[in-house]
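J.: The opening position of the sequence shown corresponds to residue 14 in our numbering, with each subsequent residue numbered one higher. If you scroll down you'll find the structure; I have some questions about it.
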Amino acid sequence: MLNSRIPGKNFLFVPGPTNLPDRIVRAMSVASEDHRSPTFPDLVKPLFPGLKKVFGTDKGHAFIFPASGTGGWEAAITNTLSPGDKVLAQRFGQFSHLWIDLCKRQGLEVIVQEREWGTGNDPELIEEALKADKNHEIKAVLATHNETATGVTSDIAAVRRAMDNAKHPAMLFVDGVSSVASIDFKMDEWGVDVIVSGSQKGFMLPAGLLLMAASQKAIDAGKSNKGRRAYFEFQDMIAQNANGYFPYTPSVPLLYGLKESLSILFEEGLDQVYKRHHHLAEGCRAAVAAWGLKCCAKEPKWNSDTVTAIVVPEGYDAAKVIETAYKRYNLALGAGLSEVAGKVFRIGHLGDLNELMLLGAIAGAEMAMLDNGIKVTPGSGVAAAQAVYRANPLLKM
Ligand code: PLP
Numbered sequence: 014m015l016n017s018r019i020p021g022k023n024f025l026f027v028p029g030p031t032n033l034p035d036r037i038v039r040a041m042s043v044a045s046e047d048h049r050s051p052t053f054p055d056l057v058k059p060l061f062p063g064l065k066k067v068f069g070t071d072k073g074h075a076f077i078f079p080a081s082g083t084g085g086w087e088a089a090i091t092n093t094l095s096p097g098d099k100v101l102a103q104r105f106g107q108f109s110h111l112w113i114d115l116c117k118r119q120g121l122e123v124i125v126q127e128r129e130w131g132t133g134n135d136p137e138l139i140e141e142a143l144k145a146d147k148n149h150e151i152k153a154v155l156a157t158h159n160e161t162a163t164g165v166t167s168d169i170a171a172v173r174r175a176m177d178n179a180k181h182p183a184m185l186f187v188d189g190v191s192s193v194a195s196i197d198f199k200m201d202e203w204g205v206d207v208i209v210s211g212s213q214k215g216f217m218l219p220a221g222l223l224l225m226a227a228s229q230k231a232i233d234a235g236k237s238n239k240g241r242r243a244y245f246e247f248q249d250m251i252a253q254n255a256n257g258y259f260p261y262t263p264s265v266p267l268l269y270g271l272k273e274s275l276s277i278l279f280e281e282g283l284d285q286v287y288k289r290h291h292h293l294a295e296g297c298r299a300a301v302a303a304w305g306l307k308c309c310a311k312e313p314k315w316n317s318d319t320v321t322a323i324v325v326p327e328g329y330d331a332a333k334v335i336e337t338a339y340k341r342y343n344l345a346l347g348a349g350l351s352e353v354a355g356k357v358f359r360i361g362h363l364g365d366l367n368e369l370m371l372l373g374a375i376a377g378a379e380m381a382m383l384d385n386g387i388k389v390t391p392g393s394g395v396a397a398a399q400a401v402y403r404a405n406p407l408l409k410m
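Set out below in structure tokens:
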């Protein structure tokens, strides 16, 4: 339930779901229609080339499943691997952890490389493990492009280079749930075999669409493996999508929303979308520095342009800051998850967002910290972000 005691807009600054642009809300306000009508393909067919552009692929297949990102993890592995197959994954946050957990539940053998939370994928460790795997038993490497729990972005091109250096044939599966459509993603250039994303973050839609793409290598892997799948079968989708239909009932309003989302992204231009996210994130990071606090990301190279996880000083409870922000100021901040629960709060800065909106969240976080006794200088975070934004206004970028 939204905090209805405070009039005005709820400030939604969790890292997904993100704000819905009015254009998308209007586009989704449609009557029900026959998803097997002769004109339905006119809506469906153009969605795939649009999605492929966002994923950075000419060669891959794009998929739209009625599901969320978690379903994408499952679709990736069940379509391509058999129970008992080995995969290599690094754990450095709640989402990389959950994908590992899902793989185990699906009967895969997961070689887990533990990494400090606040860091990301380490290509050297991946290269080492692949070189040691002389018999090529590792079938896939799982990478998390943007670890939403800690605000960490990993270098997927470097992961690919590590795999190539090891001359290992494993496939590369990437979680891009909180990066795609906000941070540049180059599926073909980086040799990614499966990329998983969801509708509720950079695509500015409600949750409900699993948006993903697979390389021909990943699709071919499905022909011989014994992974159990039915709902997520790539082949059923490919066969129906070719004619502009789905194997089962799609969410028609969400498809209209996706059409609008792609229009919005392409009107702004994907490069500008990525620049805007970086610019907004820089303001947020300047605020954190001015507060005298630290990001959960251990080094600047890990900084995420879609979410900043802010570590509260020792002895303070980040959950209280989040509660105060919500109850007093109608501001929804992201919670600290699992290992960082109570230690961090997160500001999501992705999707349909501009400088003044983010300044509102920074101001609210600042007030909520002060209310909880955290000694930040009033106005310092806002002033620091303002300086970043004034030095380089969005429209001139
Ligand atoms: N992966 C990442 C990086 C995420 O941030 C999330 C959700 O926040 C997920 C996967 C899971 O996606 P969903 O909640 O759409 O199932």
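Idealized CB from N, CA, C, for every residue including glycine.
1) Looking at residue 103 and residue 135, is the spacing between their C-beta atoms short of 8 angstroms?
2) Near residue 291, which residues of its chain fall below 6 angstroms by C-beta distance, leaving aside the five closest residues on each side in sequence?
3) Is it right to say residue 149 is buried, meaning 16 or more other beta carbons lie within 10 angstroms of its own, or is it exposed?
4) Hey, would you say the C-beta of residue 93 is under 7 angstroms away from at least one heavy atom of the ligand PLP?
5) Touching or not, the region 60-72 and the region 111-121, by the rule of three or more beta carbon pairs under 8 angstroms?
6) Report the residue from 24, 229 and 100 whose alpha carbon sits nearest the alpha carbon of residue 125.
7) Tell me the rounded alpha-carbon separation between residue 272 and residue 56.
8) Is the CB-CB distance between residue 401 and residue 375 below 8 angstroms?
9) Using only alpha-carbon positions, find the residue among 321, 92 and 204 that is nearest to residue 306.
10) Which residue wins for smallest C-alpha separation from residue 146, given the options 164, 119, 169 and 179?
11) Grouping DSSP H, G and I as helix and E and B as strand, with all else coil, what is residue 367?
12) What residue ranges within the region 96-134 form continuous beta strand (DSSP E) runs of no fewer than 3 residues, ordered along the chain?
13) Using the three-state DSSP reduction, which class does residue 202 fall into: helix, strand or coil?
14) Along the alpha helix (DSSP H) that carries residue 276, what are the first and last residues, could you check?
15) Along the beta strand (DSSP E) that carries residue 361, what are the first and last residues, could you check?
16) What does a CB cutoff of less than 7 angstroms around residue 278 pick up in its chain, not counting 5 residues either side in sequence?
T.: Here's the rundown:
1) It is a contact, given that the beta carbons lie within the stated cut-off.
2) For residue 291, where only same-chain residues beyond five positions count, the Cβ hits under 6 angstroms are 318.
3) Using a 10 angstroms sphere on the CB of residue 149, the tally of other CB atoms stays under 16, which defines it as exposed.
4) No, the ligand PLP has no heavy atom inside 7 angstroms of this Cβ.
5) Contact fails: fewer than three Cβ-Cβ distances are below 8 angstroms.
6) Of the candidates 24, 229 and 100, the one whose C-alpha sits nearest the C-alpha of residue 125 is 100.
7) One alpha carbon belongs to residue 272, the other to residue 56, and they sit about 8 angstroms apart.
8) No, the Cβ-Cβ distance between residue 401 and residue 375 is not below 8 angstroms.
9) Closest option to residue 306, Cα to Cα, is 321.
10) Per the Cα distances, 179.
11) Coil.
12) Listed in chain order, they are 99-104 and 122-127.
13) Note: residue 202 maps to coil in three-state DSSP.
14) Residues 265-281.
15) Unbroken beta strand (DSSP E) run through residue 361: 357-361.
16) Excluding positions up to five away in sequence, the list reads 67, 194 and 286.
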